[in-house]
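> One structure, as structure tokens, below. Some questions next.
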Amino acid sequence: MTTAPYHPLQELSRILAAQPGDEAAARIGAAVQRVLDGDEDSLDAALSEGRGWRSWRSDLARAERDRLICEIEAEFFADRPTREAAREIAKGLDRFHSGVDWRRFRNAETNPFPQGLKAKFWLILKAIDRPLSAARIRDLLAGGGGLSTSQQISDDFSNDT
12 MTTAPYHPLQ ELSRILAAQP GDEAAARIGA AVQRVLDGDE DSLDAALSEG
62 RGWRSWRSDL ARAERDRLIC EIEAEFFADR PTREAAREIA KGLDRFHSGV
112 DWRRFRNAET NPFPQGLKAK FWLILKAIDR PLSAARIRDL LAGGGGLSTS
162 QQISDDFSND T
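The structure is reproduced here in structure tokens:
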């Protein structure tokens, strides 16, 4: 008796198919099947929303960065108005990004700073290696403000202080 070779994507497809009514499982299962059928080269490509959309990895990195920025505000600037906190976070993040600590440790696998602002800044820049404007940070701290994706991306590159 011979058994079929084990293929992790086929196993994943079976597991996802066993989740009736789960919209996410159905979407991921369909992506896995497109890879198995040869319609897509990778699971990343199959999961993407198409040309012009950010990848799921970008979305996860952005969410982690945003979470850390909110954490910094809560831990270090809770007693300050949002505008002032955003300005200080943006200034500190920009200073860390252009400083020797980031250049020295940007390729480190683990955070070289045990705690504090440098530790948070290192994690933020590991998620997305670019500082944010004070306006974008202020928007994050205020809960998003309803900006469209294109506005958020373009603001990421502004130098508002």
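If you read the sequence shown in the numbering used here, its first letter stands for residue 12, the second for the next number, and so on. Cβ atoms here follow ideal geometry from the backbone N, Cα and C, with glycine treated the same way.
So what's P19 in DSSP terms, helix, strand or just coil?
Helix.
> One question on the structure: do S24 and V43 come within less than 8 Å of each other, judged by their Cβ atoms?
A contact, by the Cβ cut-off of 8 Å.
> Can you tell me where the alpha helix (DSSP H) with Q44 in it begins and where it stops?
Here the alpha helix (DSSP H) through Q44 covers 34 to 47.
> Given L152, which residues of its chain have a CB within under 8 Å of its CB, disregarding the five upstream and five downstream residues?
The residues are I80, C81, E84, T93, A96, A97.
> Identify the continuous alpha helix (DSSP H) that holds G103 and give its terminal residues.
Counting along the chain, the alpha helix (DSSP H) containing G103 begins and ends at 93 to 109.
> When burial is assigned at 16 or more other CB atoms within 10 Å of the CB, is D55 buried or exposed?
That one is exposed.
> Just the C-alpha distance for N122 and D105, rounded to the nearest angstrom, thanks.
So the two alpha carbons sit approximately 18 Å from each other.
> May I have the straight-line CA-CA distance separating D150 from H18, to the nearest angstrom?
Near 45 Å, if we compare the C-alpha coordinates of H18 and D150.
> Where Q126 and F132 are concerned, what is the direct C-alpha to C-alpha distance, given to the nearest angstrom?
Each residue's alpha carbon lies about 10 Å from the other.
> Please report the distance separating the alpha-carbon of F5 from that of D77.
A query on residue 5 cannot be resolved here, the shown segment of the chain reaching from 12 to 172 and no further.
> Looking at the structure shown, is S66 part of a helix, part of a strand, or coil, going by DSSP?
Note: S66 maps to coil in three-state DSSP.
> If you drop the 5 nearest sequence neighbours on each side, which residues of the same chain put their C-beta closer than 6 Å to that of L58?
Same-chain partners within the cutoff: A42, W67.
> Give every residue of the same chain whose Cβ lies closer than 7 Å to the Cβ of S135, excluding the five residues on either side of it in the sequence, and list them in chain order.
A quick correction: the sequence has Ile, not Ser, at residue 135. Result list for I135: R76, L79, I80, L104, in chain order.
> Expressed to the nearest angstrom, what Euclidean distance is found between the alpha-carbon atoms of A29 and E22?
If I take the Cα positions, the gap works out to 11 Å.
> Let me make sure I understand the geometry here. Which of L20, E120, F88, R114 has the alpha-carbon closest to that of I148?
The candidate whose alpha carbon is nearest that of I148 is F88.
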